[in-house]
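Quick note on numbering: the working numbering labels position 64 of the sequence shown as 563, and the sequence is numbered without any gaps.
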Amino acid sequence: MAAEKEKVGAEFQALRAFLVEQEGQLLGRLEVLSWEVTQKQNENPAQLEGEITQLSKLSSQIQETAQKPDLDFLQEFKNTLSKMQLGREKE
């Protein structure tokens, strides 16, 4: 009976050591994931700012084009749309 108690105690001790090791590994992974999420969050505002600037420029071009005579307007608008499509293809 004493040998069985000792055996069970040793098995639980091994399980505790395993769980402590697993906890450390999972906490390490969580820290890495947290860092990656933070990096992504920092990248997105810069990307959005660039897109907003580009859209603002296109909006200004469209507003300027709208002031032109009809034929010039259509030609300029076609060019502006082409630029927008090229910008999307780069993504």
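We treat Cβ as the ideally placed atom computed from N, Cα and C, and that holds for glycine.
Whether residue i touches residue j by CB criterion (8 Å)
| i | j | result |
| --- | --- | --- |
| Thr564 | Phe572 | yes |
| Glu575 | Lys582 | no |
Extent of the continuous alpha helix (DSSP H) to which residue i belongs
| i | result |
| --- | --- |
| Pro544 | Ala501 to Ala565 |
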